[in-house]
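Just below is one structure, and these are the notes that go with it.
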Amino acid sequence: MRRGSLFSTLGGRLLVVLTLAAVPASGHAFERKNPATVSLSPSAIMIDADNRLTPADFARSNGLSSAQLAARFGATGIVRCGAAVGTGQLVGADNVVVTAAHVLFAAGGKLRHSDCSFSIHAGGRRQVVALQLDKVVSGSRSPYAEPAVKDWAVAPLARPVLDARPYALAGSMSVPGTIVLSAGARGTHELPSLQRCQARQVTAAAGGLREVAIDCDAEGGTSGAALLTERGGFIGLYVGFRSTHPGTAGPFSMSHYNFGLTAEGALHAAILDVARSGEQRSASR
1 MRRGSLFSTL GGRLLVVLTL AAVPASGHAF ERKNPATVSL SPSAIMIDAD NRLTPADFAR
61 SNGLSSAQLA ARFGATGIVR CGAAVGTGQL VGADNVVVTA AHVLFAAGGK LRHSDCSFSI
121 HAGGRRQVVA LQLDKVVSGS RSPYAEPAVK DWAVAPLARP VLDARPYALA GSMSVPGTIV
181 LSAGARGTHE LPSLQRCQAR QVTAAAGGLR EVAIDCDAEG GTSGAALLTE RGGFIGLYVG
241 FRSTHPGTAG PFSMSHYNFG LTAEGALHAA ILDVARSGEQ RSASR
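With full-length UniProt numbering, the residue at position 235 of the sequence shown is 235, and numbering never jumps.
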């Protein structure tokens, strides 16, 4: 189990989850999962400095054409579920979205809203498609009460995204190793970013998945963001952070870091299963 109090920010209010009312004493990192929040400062976990780039700047810095950028990193979008805004992405199929479970489920295991959607720019236009919430497969429907390795969700869409280029599953994440974090939102605002950063250390493991400390920069709205290879292969999912000084930049340490999950074990299997189910539904029409 993870140590530290667990919090969530929604609508600019700090909500204490699981009746853990006390903020940890100075010198002890507390943990937070990063769902949507309009309060930028408390949720911003910057390692040294904010090194996130716009997709255009990332392409220029890495010598990528616009076509290469879209092919490698164009499957990221935004999940909206009630007041919550997080990042999600197409993985394995043009009608399968992967995100963090806490973007969809609130404390107590209830869905945040009965109408949740995925929006993405694909094929030269913005597309918004409803999630099929009754068919969601997740590590847990009560992610705030579970270890972080269960904080994932795979959701089929009501219809495929047209002209999409989903991320392909790319095997196991190397730790330590280079990754690219692809986020779709900052706070409640759509503001995509890409950052090359490092998977630093495995901090937990269960169910065939690993929790990994990363030195990428993140804030509210990043929850559910893809951890990718430099070629755009899907290898993991951003979930949250642990820090003694959230909102203030500092060097990577085990008291100040962001973390994600590897796309292995049950998560890997769920993506394949949901994709296959979608193919079967399409074939039967």
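The C-beta atom is built at its ideal place from N, Cα and C for all residues, glycine as well.
Close-in-space but distant-in-sequence residues of the same chain around residue i (CB under 8 Å, 5 per side omitted)
i	result
residue 59	65, 66, 68 and 69
residue 96	90, 154, 155, 156, 157, 166, 271, 274, 275 and 278
Proximal residues to residue i (C-beta, below 7 Å), its chain only, five neighbours per side dropped
i	result
residue 191	185
residue 207	149, 265 and 266
residue 176	198, 199 and 200
residue 163	122 and 123
Test item: CB-CB of residue i and residue j under 9 Å
i	j	result
residue 258	residue 120	no
residue 151	residue 102	yes
residue 236	residue 73	no
residue 129	residue 117	yes
residue 54	residue 194	yes
residue 254	residue 213	yes
residue 240	residue 187	no
residue 228	residue 183	no
Cβ distance (whole Å) where residue i is taken to contact residue j below 8 Å
i	j	result
residue 76	residue 226	6 Å
residue 270	residue 137	4 Å
residue 204	residue 147	7 Å
residue 87	residue 223	7 Å
residue 210	residue 262	4 Å
residue 84	residue 112	5 Å
One or two residues paired with residue i in a DSSP bridge
i	result
residue 258	214 and 241
residue 193	183
residue 156	96
residue 121	126
residue 167	91
residue 105	111
residue 228	180 and 234
Any non-hydrogen atom of the ligand HEM closer than 8 Å to residue i Cβ
i	result
residue 196	The ligand HEM is not part of the structure shown, which contains no ligands of any sort.
task: Report yes or no: do the region 78-86 and the region 247-254 share at least 3 C-beta pairs separated by less than 8 Å?
output: No, because fewer than three Cβ pairs between the region 78-86 and the region 247-254 fall closer than 8 Å, the two stretches do not touch.
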